[in-house]
Amino acid sequence: MSERAPVNRILRSSIVDGPGNRAAVFLQGCNFDCVYCHNPETIALCNSCGRCLAVCPAGALSENAGGVLWEKERCLFCDACIRTCPRNSSPRTRFLTAEETIAEIDPVLPFIRGLTVSGGECTLYPAFLQELGALAKERGLSFFLDTNGSYDFSGNTGLLEITDGVMLDVKADPDNTEYKKVTGRNGYDTLGFGEFLARKGKLFEFRTVVSPGLFNAAALVDKACRRIKGVDPRIQYKLIRYRPVGVRPDKAAKLAVPGDSLMEELAGICESCGIKAVIV
Ligand code: SF4
Ligand code: SF4
Numbered sequence: 283m284s285e286r287a288p289v290n291r292i293l294r295s296s297i298v299d300g301p302g303n304r305a306a307v308f309l310q311g312c313n314f315d316c317v318y319c320h321n322p323e324t325i326a327l328c329n330s331c332g333r334c335l336a337v338c339p340a341g342a343l344s345e346n347a348g349g350v351l352w353e354k355e356r357c358l359f360c361d362a363c364i365r366t367c368p369r370n371s372s373p374r375t376r377f378l379t380a381e382e383t384i385a386e387i388d389p390v391l392p393f394i395r396g397l398t399v400s401g402g403e404c405t406l407y408p409a410f411l412q413e414l415g416a417l418a419k420e421r422g423l424s425f426f427l428d429t430n431g432s433y434d435f436s437g438n439t440g441l442l443e444i445t446d447g448v449m450l451d452v453k454a455d456p457d458n459t460e461y462k463k464v465t466g467r468n469g470y471d472t473l474g475f476g477e478f479l480a481r482k483g484k485l486f487e488f489r490t491v492v493s494p495g496l497f498n499a500a501a502l503v504d505k506a507c508r509r510i511k512g513v514d515p516r517i518q519y520k521l522i523r524y525r526p527v528g529v530r531p532d533k534a535a536k537l538a539v540p541g542d543s544l545m546e547e548l549a550g551i552c553e554s555c556g557i558k559a560v561i562v
């Protein structure tokens, strides 16, 4: 039987979620609690407490078989439900099968070249991903995953085979305390996972969000680049400026936006290892 996954939103067209014009599926739920998360309502799953029903001005939320039913057609996207939620979650999530998900993308197939799944953390739902990836490939779409660096693809050859490219977050150095400061979790072997993917030809890019003072970005980027240096010339490193939009106010108050000189220094480190840097 097909596994259902909590789908937060489906974009039928995106040029920032991998190569070319792609559809993007965002799943709800994450095993990290990153200090700079700009979609914190995607971290926790809704537990159907029902508290947000009363604040919806559009009647878009109702009780349904012990859960919460969200009617997209009625929704004003005012976020009153998210602001009310004691879990900082969202009721605007639908549990869909892979078939139901791809059916929402089928109408735009002539206009896209691939499908990317992001989150939350998409690798929390590997069976769903594998099924969705197979359906994407049947349609001639490339299949990419955007992950937080906690998943070891070497343990799931089925998912690895169906995946064309991985966008892998390198949050901080797992060998020191910075990792917990950034993610709220103990370190995973992200660089080891990245090196494995690179050697399989499946690593599309490393991604690091940069905020001065949060962690030593120069040391991290240098270490990451050295691990994949020379493996695959197509791999790029996306250096992402921290921006406060959407970030929880108590956390944003402690974070700084990087200047051009730091971003250019990091790009120089990548390029000295022969890795293309993209600053966004
Ligand atoms: S965003 Fe939430 S509260 Fe606002 S209309 Fe939609 S369901 Fe209702
Ligand atoms: S979104 Fe939050 S407030 Fe609404 S039902 Fe779910 S857990 Fe309760």
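Numbering (our numbering), first residue to last: 283 to 562.
Beta carbons: idealized from backbone N, C-alpha and C, even for Gly.
Here the structure is a predicted model, which means the values were calculated and not measured.
Query, Result
"Where the beta carbon is closer than 5 angstroms to any heavy atom of ligand 2, which residues qualify, in chain order?", "Cys328, Asn329, Cys331, Arg333, Cys334, Val350, Cys367, Arg369, Ser371, Pro373"
"DSSP state of Glu386, grouped into three classes?", "helix"
"Do three or more CB pairs link the segment 455-475 to the segment 521-538 at distances below 8 angstroms?", "no"
"Quick check on this structure: which residue in Val539, Trp352, Cys338, Val529 has the alpha carbon closest to the alpha carbon of Cys319?", "Val529"
"Quick check on this structure: which residue in Arg525, Ala534, Val337, Ser554 has the alpha carbon closest to the alpha carbon of Gly541?", "Arg525"
"By DSSP's criteria, Ile444 is part of a beta bridge. Which residues make up the other side?", "Note: Ile444 sits in no beta bridge, so no partner."
"Classify Lys453: buried if its beta carbon has 16 or more other beta carbons within 10 angstroms, exposed otherwise.", "buried"
"Determine the DSSP secondary structure at Phe425, reduced to helix, strand or coil.", "strand"
"Taking 8 angstroms as the line, does the beta carbon of Pro339 fall inside it for any heavy atom of ligand 1?", "yes"
"Count the other CB atoms within 10 Å of the CB of Arg421; is the residue buried (16 or more) or exposed (fewer)?", "exposed"
"Is the beta carbon of Ala362 within less than 8 angstroms of some heavy atom of ligand 1?", "yes"
"Would DSSP call Val289 helix, strand or coil?", "strand"
"Per the contact definition of three or more C-beta pairs closer than 8 angstroms, is the segment 458-467 in contact with the segment 494-507?", "yes"
"How many Å lie between Leu410 and Glu443 at the Cα?", "First, the residue type needs correcting, since residue 410 is Phe and not Leu in the sequence shown. If I take the Cα positions, the gap works out to 15 angstroms."
"Quick one: grab the DSSP three-state call for Ala342.", "coil"
"Is there at least one non-hydrogen atom of ligand 1 closer than 8 angstroms to the beta-carbon of Ala342?", "yes"
"What residue range does the beta strand (DSSP E) around Tyr519 cover?", "518-523"
"Any heavy atom of ligand 1 inside 8 angstroms of the beta-carbon of Arg244?", "Summary: the structure shown does not reach residue 244, with the chain confined to residues 283 through 562, and so no result is reported for it."
"Does DSSP put Leu327 in a helix, a strand or coil?", "coil"
"My assumption, with CB atoms under 8 angstroms, is that Asn329 sits in contact with Arg369. Please give the rounded CB distance.", "7 angstroms"
"Do you know how far the Cα of Gln310 is from the Cα of Val289?", "6 angstroms"
"Kindly list the residues whose CB is nearer than 8 angstroms to the CB of Gly466, restricted to its own chain and excluding five residues on each side of it in sequence; keep chain order.", "Phe314, Asp315, Cys316, Val317"
"I'd like to know whether the C-beta atoms of Ala380 and Leu417 end up nearer to each other than 9 angstroms.", "yes"
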